[in-house]
Amino acid sequence: MSGTIMETISSIHSRERAPSSVLKKNAPAAESSEAPGDRFTPHQPEIEAPAYSAASVRLQFQTAARLPSPPEASLQPRLDEDEAREVKRLQERDRYVRIHEGRHAAALGAYAGAVHYNYEAGPDRRLYAVGGYTEVNTMPAPTPEAAAAKARIIRNAALAPGAVSGTDFMVATSAANMERMAMDSQPA
Numbered sequence: 455m456s457g458t459i460m461e462t463i464s465s466i467h468s469r470e471r472a473p474s475s476v477l478k479k480n481a482p483a484a485e486s487s488e489a490p491g492d493r494f495t496p497h498q499p500e501i502e503a504p505a506y507s508a509a510s511v512r513l514q515f516q517t518a519a520r521l522p523s524p525p526e527a528s529l530q531p532r533l534d535e536d537e538a539r540e541v542k543r544l545q546e547r548d549r550y551v552r553i554h555e556g557r558h559a560a561a562l563g564a565y566a567g568a569v570h571y572n573y574e575a576g577p578d579r580r581l582y583a584v585g586g587y588t589e590v591n592t593m594p595a596p597t598p599e600a601a602a603a604k605a606r607i608i609r610n611a612a613l614a615p616g617a618v619s620g621t622d623f624m625v626a627t628s629a630a631n632m633e634r635m636a637m638d639s640q641p642a
């Protein structure tokens, strides 16, 4: 059977012969260091491909990154001083809200759900997070010990960001009550 496969391959190759100029170009030189039975020669394209260095590619990407796309550049409104101050305030608030909610989510670990943000449009037509909340998994724990541990994690997560909001304080108080109830329900 292998003879049949080899015959088929040979007949395909005999039908797809390359032009003699390509064969001569790809043929090994007489002084070649190839082994006598080695018939493979790498394909050498007739057209030279342009050589790219890592530095030239990096420069192209850096240049492209600095140039705003034409539609985006034309959509950016010019801001006066008051609008620029408002944008700065919104940017700072956005950064604070995202860090604040990120700390809640990180402290909650496996009990963290989705983080939601409330947005406000700035004078520059961009949306900035001005508020938010992190969902908390409040499913009952299987044992009183696990419930107390979960309530402790939730309480610590509510207080994690440092600057505690009114809502954070209410969640921490509620979690402390949950922890106390779980501890009271434990057998002595």
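Numbering (our numbering), first residue to last: 455 to 642.
No residue lacks a Cβ here, since even glycine has one placed at the ideal position from N, Cα and C.
Minimum Cβ-Cβ distance from residue i to chain B less than 8 Å
i    : result
A560 : Checking the listed chains, one finds no chain B in this structure; it contains a single protein chain.
Classification of residue i by the beta-carbon crowding that lies within 10 angstroms, buried from 16 upward
i    : result
E535 : exposed
G576 : buried
L581 : exposed
E546 : exposed
M635 : exposed
CA-to-CA distance, residue j to residue i, given in whole angstroms
i    : j    : result
R549 : G585 : 11 Å
S628 : R606 : 11 Å
A666 : E537 : A query on residue 666 cannot be resolved here, the shown segment of the chain reaching from 455 to 642 and no further.
P641 : M632 : 16 Å
Integer Cβ distance of residue i from residue j, believed to fall under 8 Å
i    : j    : result
G567 : V551 : That belief does not hold up - the Cβ atoms of G567 and V551 are roughly 17 Å apart, past 8 Å.
R539 : P615 : Not quite, the Cβ-Cβ distance comes to about 26 Å (not below 8 Å), so this is no contact.
T588 : A564 : Rounded, the Cβ-Cβ distance is 13 Å, inconsistent with contact.
Cβ neighbours of residue i in the same chain (closer than 8 Å, five flanking residues each side left out)
i    : result
L533 : V541, P577, D578
A617 : H554
6 Å CB neighbourhood of residue i in its chain, flanking five on each side removed
i    : result
L544 : G576, Y582
A626 : R609, A612, L613
M637 : A602
Cβ shell of residue i (< 7 Å), same chain only, five flanking positions each side left out
i    : result
A630 : R609
Mind the definition here: the region 597-611 touches the region 568-576 only if three or more C-beta pairs lie below 8 Å; say whether that holds.
-> These segments do not touch.
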